[in-house]
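Notes for the one structure printed next.
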Amino acid sequence: SQQGEEDPQALSIQEGENATMNCSYKTSINNLQWYRQNSGRGLVHLILIRSNEREKHSGRLRVTLDTSKKSSSLLITASRAADTASYFCALRDTGRRALTFGSGTRLQVQP
Amino acid sequence: DVKVTQSSRYLVKRTGEKVFLECVQDMDHENMFWYRQDPGLGLRLIYFSYDVKMKEKGDIPEGYSVSREKKERFSLILESASTNQTSMYLCASSPNTAGANVLTFGAGSRLTVL
Numbered sequence: 001s002q003q004g005e006e007d008p009q010a011l012s013i014q015e016g017e018n019a020t021m022n023c024s025y026k027t028s029i030n031n032l033q034w035y036r037q038n039s040g041r042g043l044v045h046l047i048l049i050r051s052n053e054r055e056k057h058s059g060r061l062r063v064t065l066d067t068s069k070k071s072s073s074l075l076i077t078a079s080r081a082a083d084t085a086s087y088f089c090a091l092r093d094t095g096r097r098a099l100t101f102g103s104g105t106r107l108q109v110q111p
Numbered sequence: 001d002v003k004v005t006q007s008s009r010y011l012v013k014r015t016g017e018k019v020f021l022e023c024v025q026d027m028d029h030e031n032m033f034w035y036r037q038d039p040g041l042g043l044r045l046i047y048f049s050y051d052v053k054m055k056e057k058g059d060i061p062e063g064y065s066v067s068r069e070k071k072e073r074f075s076l077i078l079e080s081a082s083t084n085q086t087s088m089y090l091c092a093s094s095p096n097t098a099g100a101n102v103l104t105f106g107a108g109s110r111l112t113v114l
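In the order they appear, the protein sequences are chains A and B.
Under my numbering, the first residue of the first sequence carries the number 1, and numbering increases by one thereafter.
Under my numbering, the first residue of the second sequence carries the number 1, and numbering increases by one thereafter.
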């Protein structure tokens with residue numbers, strides 16, 4: 001199964017700045033999701049974008065999907081120290097029941 | 001809110017021991033999943049189940065088995081634990097396979113095999 005590749009692996013910014021994380025993949029997808037994981041805990045679903053959508057917003061989150069380039073980005077605007085976490089993209093391949101996850105981006109927001 | 005509960009947050013076992021990791025969800029979800037998470041490797045799917053007594057292998061099933069006798073409970077079994085199975089194990093559930101398949105995760109079980 002394919003796995004999303006995330007970039008960068010780690011990101012450190014100041015509070016108030018925007019954070020952008022990218023996810024690339026190789027084959028056709030049904031949808032792409034972003035999850036957040038606080039240190040040592042389970043993952044929490046943030047946002048889902050379907051293959052026929054190009055952009056979605058949820059609060060301070062903005063997700064884009066470019067199926068021609070097979071890539072997605074997650075933008076967190078006006079970051080806060082509480083946004084410090086690891087962020088994962090997860091792919092639902094067409095024809096596959098389960099999600100596959102990337103290796104994640106570790107975001108550190110300095111107060 | 002959907003809740004996924006993993007019975008043990010931390011376990012320490014010895015090589016060769018049989019290990020049971022239990023997961024229970026309380027929202028009548030059809031699908032349940034076991035992933036393991038290792039630094040630099042992200043989450044890798046071990047097994048999943050889309051119905052009671054039904055299971056499918058994920059990407060790394062070797063050394064593991066699963067049991068789903070009731071809809072709400074999905075157990076991961078390490079028949080003979082080995083040191084390379086030291087990892088964080090994450091259970092998740094979702095309402096249906098045909099839909100978006102948004103996962104709700106448990107807090108994780110960190111297993112150390114000595």
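Ideal Cβ placement from N, Cα and C applies to all residues, glycine included.
Computed from a prediction, not measured in an experiment: that's the story for all the values here.
Looking at residue j and residue i, is the spacing between their C-beta atoms short of 9 Å?
i: Y17 of chain B; j: A81 of chain B; result: Note that residue 17 of chain B is Glu in the sequence shown, not Tyr. Cβ atoms of E17 of chain B and A81 of chain B: closer than 9 Å.
i: Q37 of chain B; j: L90 of chain B; result: yes
i: L48 of chain A; j: L74 of chain A; result: no
i: G4 of chain A; j: T64 of chain A; result: no
i: S103 of chain A; j: G40 of chain B; result: yes
i: K56 of chain A; j: R62 of chain A; result: yes
i: L114 of chain B; j: V52 of chain B; result: no
Give me the DSSP bridge partner(s) of residue i.
i: Q9 of chain A; result: Beta-bridge pairing links Q9 of chain A to no other residue.
i: I49 of chain A; result: A:L32
i: Q14 of chain A; result: A:Q110
i: L43 of chain A; result: A:Q37
i: S49 of chain B; result: B:M32
i: K3 of chain B; result: Per DSSP, none; premise fails for K3 of chain B.
DSSP three-state call for residue i: helix, strand or coil?
i: W83 of chain A; result: As written in the sequence, residue 83 of chain A is Asp, which differs from the Trp given in the question. In the structure shown, D83 of chain A sits in a helix (DSSP, three-state: H, G or I).
i: N31 of chain A; result: strand
i: T104 of chain B; result: strand
i: N84 of chain B; result: helix
i: L43 of chain B; result: strand
i: M54 of chain B; result: strand
i: K70 of chain A; result: coil
i: N96 of chain B; result: coil
i: I60 of chain B; result: coil
i: S79 of chain B; result: Per the sequence shown, the amino acid found at residue 79 of chain B is Glu instead of Ser. Looking at E79 of chain B - three-state DSSP - the assignment turns out to be coil, as it is neither helix nor strand.
i: K18 of chain B; result: coil
i: L75 of chain A; result: strand
i: Q37 of chain B; result: strand
i: Q3 of chain A; result: coil
Can you tell me the Cα-Cα spacing of residue i and residue j, whole angstroms?
i: E72 of chain B; j: A92 of chain B; result: 11 Å
i: R44 of chain B; j: V102 of chain B; result: 16 Å
i: S94 of chain B; j: I13 of chain A; result: 34 Å
i: V19 of chain B; j: K57 of chain B; result: 19 Å
i: Q110 of chain A; j: A81 of chain A; result: 6 Å
i: D28 of chain B; j: V4 of chain B; result: 11 Å
i: E62 of chain B; j: Y35 of chain B; result: 13 Å
i: S68 of chain A; j: E53 of chain A; result: 12 Å
i: G42 of chain A; j: I60 of chain B; result: 20 Å
i: I46 of chain B; j: F74 of chain B; result: 12 Å
i: Y64 of chain B; j: G16 of chain A; result: 45 Å
Taking the beta carbon of residue i as the centre, do at least 16 other beta carbons fall within 10 Å, making it buried, or is it exposed?
i: A78 of chain A; result: exposed
i: N31 of chain A; result: buried
i: Y10 of chain B; result: exposed
i: T27 of chain A; result: exposed
i: S87 of chain B; result: buried
i: A98 of chain A; result: buried
i: E6 of chain A; result: buried
Residue i: beta carbon under 8 Å from a heavy atom of the ligand FAD?
i: H57 of chain A; result: In the structure shown, the ligand FAD is absent, as is every other ligand, since no ligand is present at all.
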